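*Asks:* Okay, handing you the structure first.
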Amino acid sequence: MTEIQRKHDRAPVPKDWTYEPAPESRDVVKLRERYGLFIGGQWIEPSESYETISPSSEEVLAIVGQGTAKDVDTAVAAARAAFENGWSSLPGSERAKYLFRIARILQERSREFAVLESLNGGKPIKESRDVDLPLAAAHFFYYAGWADKLEYAFPNRRPRPVGVAGQIIPWNFPLLMLSWKIAPALACGNTVVLKPAETTPLTALLFCDVLRQAELPPGVVNIVTGDGRTGAALVEHPGVDKIAFTGSTDVGKAIQRQLAGTGKKLTLELGGKAANIVFDDCALDQAVEGIVNGIYFNQGHVCCAGSRLFAQESIYEPLVEKLKKRLETLRVGDPLDKNTDVGAINSRMQLDRIKELVAAGQEEGAEIYQPPCVLPEKGYWFAPTVFTNVAQSYRIAQEEIFGPVLSVLTFRTPEEAVEKANNTPYGLSAGVWTEKGSRILWMANKLRAGVVWANTFNRFDPTSPFGGYKESGFGREGGLHGLEPYLRFEE
Ligand code: NDP
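Residue numbers for the sequence shown follow my numbering, so the first one is 151 and each next one is one higher.
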């Protein structure tokens with residue numbers, strides 16, 4: 151008997167196909183014990199501070215600064231000085247060099263950033279590695295390309311930078327949101343004061359190291375960490391010319407009220423309750439993958455998540471059956487494990503909010519399904535969840551849950567699908583699954599959403615504008631449209 155035959159006889163096909171742990175090493179990340187505020191190219195010692203943790207283990211990762219109104223004032227003064235002392239008058243081709251450098255450094259250090267993003271935010275490493283980091287670098291590359299072509303982007307309109315931009319970002323895509331904000335602002339010749347979310351400051355602080363490596367002039371980008379009070383101080387500051395905010399609709403509305411009449415420019419990228427609409431002629435297995443990606447990607451912490459699934463009645467049963475089967479294969483657990491599909495919920499506060507809305511769904515009469523999965527004991531976790539038997543009036547069909555929770559509803563005709571999909575105060579995104587091209591175009595015209603994906607979901611590209619209708623906000627980020635909020639025109 152040959153060696154191969156002997157091995158073959160002794161090794162029957164295993165019955166259990168569970169995955170071995172495949173953790174990404176943390177060694178690539180060198181965390182400091184404490185971080186200051188990055189103002190005028192220097193680390194400034196904060197007067198107050200707080201601990202930032204890993205939501206998957208509740209381990210304290212570092213102590214970071216809680217920026218006060220005085221710190222915000224210092225940062226705005228540094229940004230103003232940098233704006234007036236050279237940055238705004240630098241030729242576009244020179245500004246582009248810095249942006250290209252930042253993009254390349256992000257690529258070179260992408261593993262370090264990806265590990266840190268997953269540690270501090272709880273998202274699976276395969277997402278931070280394959281989505282957040284490549285897209286963050288791509289945004290800097292893309293806007294670097296525009297920096298010396300603004301006159302061509304807006305012919306005969308004499309584009310000029312706005313001044314100092316105050317930027318406030320959320321915790322779901324910390325580095326990517328930073329890139330969405332900083333890259334177009336710098337390309338247009340503005341300077342920046344950016345406040346990261348309270349729970350996810352670490353990649354923004356590591357980014358300061360990239361700024362130094364790229365030799366960006368001091369004060370062009372200032373990072374002030376802290377909670378909502380720091381954000382409010384930035385919004386209120388009279389020296390800020392433009393506010394760019396991504397976050398909840400409630401805070402967005404408060405900011406809009408506060409800025410009314412001040413002349414400050416404002417863009418708001420707020421919540422969503424996207425409809426993912428599946429017609430009976432679609433490729434069903436592909437649609438199931440799209441539904442899973444639409445709502446369980448990044449634990450559902452996605453403003454454009456496909457959180458309302460509309461299934462055409464004729465395929466409702468096979469679709470739900472396939473979906474439940476697929477959910478059984480999702481691996482929930484350690485964000486640093488390369489096989490993990492669903493990581494940790496970002497914070498205890500967010501976990502409580504998800505639990506509250508899920509309980510409301512059950513009380514109102516929806517039927518819950520969660521696949522069997524063992525959740526880690528420490529940290530913040532929530533199993534992937536599907537609700538069927540959902541009425542449009544239920545809170546789970548109306549409110550943004552921002553977690554791995556899908557509500558399934560049904561429709562009969564395309565008209566009914568449009569009517570139900572548009573029955574929401576939001577209007578950020580939507581998805582359509584059908585083999586008919588004409589139906590895709592018809593639906594895309596009728597859906598009140600800033601982005602409509604066809605036979606795919608959650609696809610992002612720096613060249614595509616992104617933004618909402620109605621309570622999902624206004625203004626666009628990405629693409630040529632994303633330059634406009636950072637420019638004024640001398641017509
Ligand atoms: P917030 O809107 O509170 O947070 C977004 C950013 O704004 C954070 O940096 C936050 O700081 C800051 N902020 C908070 N209050 C103020 C204020 N008064 N003035 C200026 N800035 C402020 O969202 P949450 O993190 O509280 O999440 C709550 C809900 O919002 C979620 O459950 C989800 O539904 C939705 N959300 C939507 C997002 C989206 O992309 N559309 C992103 C995040 C949340 P801090 O981090 O310290 O609170």
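Virtual Cβ for every residue (Gly too), placed ideally from N, Cα, C. Because the structure is a prediction, the values reported are computed rather than measured.
If you follow the alpha helix (DSSP H) that residue 268 is part of, which residue opens it and which one closes it?
*Replies:* Residue mapping note: residue 268 aligns to position 118 of the sequence shown, counting from 1. Segment 260-271, the alpha helix (DSSP H) holding residue 268.
*Asks:* What would DSSP say about residue 442, mapped onto helix, strand or coil?
*Replies:* The residue given as residue 442 occupies position 292 in the sequence shown. Correct three-state label for residue 442: helix.
*Asks:* As a quick exercise: from 307, 263, 232, 460, pick the residue whose alpha carbon is nearest that of residue 424.
*Replies:* Stepping through the sequence shown from its first residue, residue 424 is reached at position 274. Answer by Cα proximity: 460.
*Asks:* Sorry if obvious, but does the Cβ on residue 322 come closer than 7 Å to a heavy atom of the ligand NDP?
*Replies:* In the sequence shown, counting from the first residue as 1, residue 322 sits at position 172. True, at least one ligand heavy atom lies under 7 Å from that Cβ.
*Asks:* Sorry if obvious, but does the Cβ on residue 342 come closer than 7 Å to a heavy atom of the ligand NDP?
*Replies:* Taking the sequence shown and counting its residues from 1, the one referred to as residue 342 is at position 192. It does not: the Cβ of residue 342 is nowhere closer than 7 Å to a heavy atom of the ligand NDP.
*Asks:* Quick test of your reading: residue 455 and residue 445, contact by CB under 8 Å. State the CB separation rounded to the nearest angstrom.
*Replies:* Against the sequence shown, residue 455 aligns to sequence position 305. Against the sequence shown, residue 445 aligns to sequence position 295. So it is a contact: roughly 5 Å between Cβ atoms.
*Asks:* Counting pairs of Cβ atoms below 8 Å between the stretch 261-271 and the stretch 311-330, do you hit three or more?
*Replies:* Contact holds: three or more Cβ-Cβ distances are below 8 Å.
*Asks:* What are the boundary residues of the alpha helix (DSSP H) that includes residue 382?
*Replies:* On the sequence shown, position 232 is the one that residue 382 refers to. It spans 378-386 - the alpha helix (DSSP H) in which residue 382 sits, taken as one unbroken run.
*Asks:* If residue 539 and residue 436 are in contact, beta carbons under 8 Å, what's the gap, nearest whole angstrom?
*Replies:* The residue labelled residue 539 in the question sits at position 389 within the sequence shown. The residue labelled residue 436 in the question sits at position 286 within the sequence shown. Between residue 436 and residue 539 the Cβ distance is about 25 Å, and since that is not below 8 Å, they are no contact.
*Asks:* Could you tell me if the beta carbon of residue 349 falls within a distance shorter than 7 Å of some heavy atom in the ligand NDP?
*Replies:* In the sequence shown, counting from the first residue as 1, residue 349 sits at position 199. Yes, the beta carbon of residue 349 sits closer than 7 Å to at least one heavy atom of the ligand NDP.
*Asks:* Out of 306, 359, 302, which one is the CA nearest neighbour of residue 181?
*Replies:* Your numbering for residue 181 matches position 31 in the sequence shown. Of the candidates 306, 359, 302, the one whose C-alpha sits nearest the C-alpha of residue 181 is 359.
*Asks:* What residue does the beta strand (DSSP E) around residue 115 start on, and which one ends it?
*Replies:* Within the shown structure, residues of the chain are numbered from 151 to 641, placing residue 115 beyond reach of any answer.
*Asks:* Going by beta-carbon coordinates alone, are residue 217 and residue 185 separated by less than 8 Å?
*Replies:* In the sequence shown, counting from the first residue as 1, residue 217 sits at position 67. In the sequence shown, counting from the first residue as 1, residue 185 sits at position 35. In this structure, residue 185 does not lie closer than 8 Å to residue 217 by Cβ.
*Asks:* Which ranges does the alpha helix (DSSP H) cover as unbroken runs of at least 4 residues, wholly within the stretch 334-370, from first to last along the chain?
*Replies:* With a minimum length of 4 residues, the continuous alpha helix (DSSP H) runs that stay inside the stretch 334-370 are 352-363.
*Asks:* Taking the alpha helix (DSSP H) that residue 581 belongs to, which residues open and close that run?
*Replies:* The sequence position of residue 581 within the sequence shown is 431, counting from 1. No alpha helix (DSSP H) contains residue 581, which is instead part of the beta strand (DSSP E) from 579-583.
*Asks:* With DSSP as the reference, label residue 215 as helix, strand or coil.
*Replies:* Residue numbering aside, residue 215 sits at position 65 when the sequence shown is read from its first letter. Residue state, collapsed to three classes: strand.
*Asks:* Looking at the unbroken beta strand (DSSP E) that takes in residue 516, where does it start and where does it end?
*Replies:* As a working mapping, residue 516 is identified with position 366 in the sequence shown. No beta strand (DSSP E) holds residue 516; DSSP gives it neither H nor E.
*Asks:* Under the DSSP definition of a beta bridge, which residues are partnered with residue 592?
*Replies:* The residue given as residue 592 occupies position 442 in the sequence shown. The partner list for residue 592 (beta bridge, DSSP) is empty, contrary to what the question assumes.
*Asks:* Count the other C-beta atoms from every protein chain shown that fall within 10 angstroms of the C-beta of residue 302, then say buried if there are 16 or more, exposed otherwise.
*Replies:* For the purposes of this step, residue 302 is taken as the residue at position 152 of the sequence shown. Answer is exposed; the Cβ neighbour count stays below 16.
*Asks:* Would you call the stretch 585-596 in contact with the stretch 611-622, where contact means no fewer than 3 C-beta pairs closer than 8 Å?
*Replies:* These segments do not touch.
*Asks:* Residue ranges of each alpha helix (DSSP H) run of no fewer than 4 residues wholly in the stretch 219-262, ordered along the chain?
*Replies:* Within the stretch 219-262, the complete alpha helix (DSSP H) runs of at least 4 residues are 219-232, 242-258.
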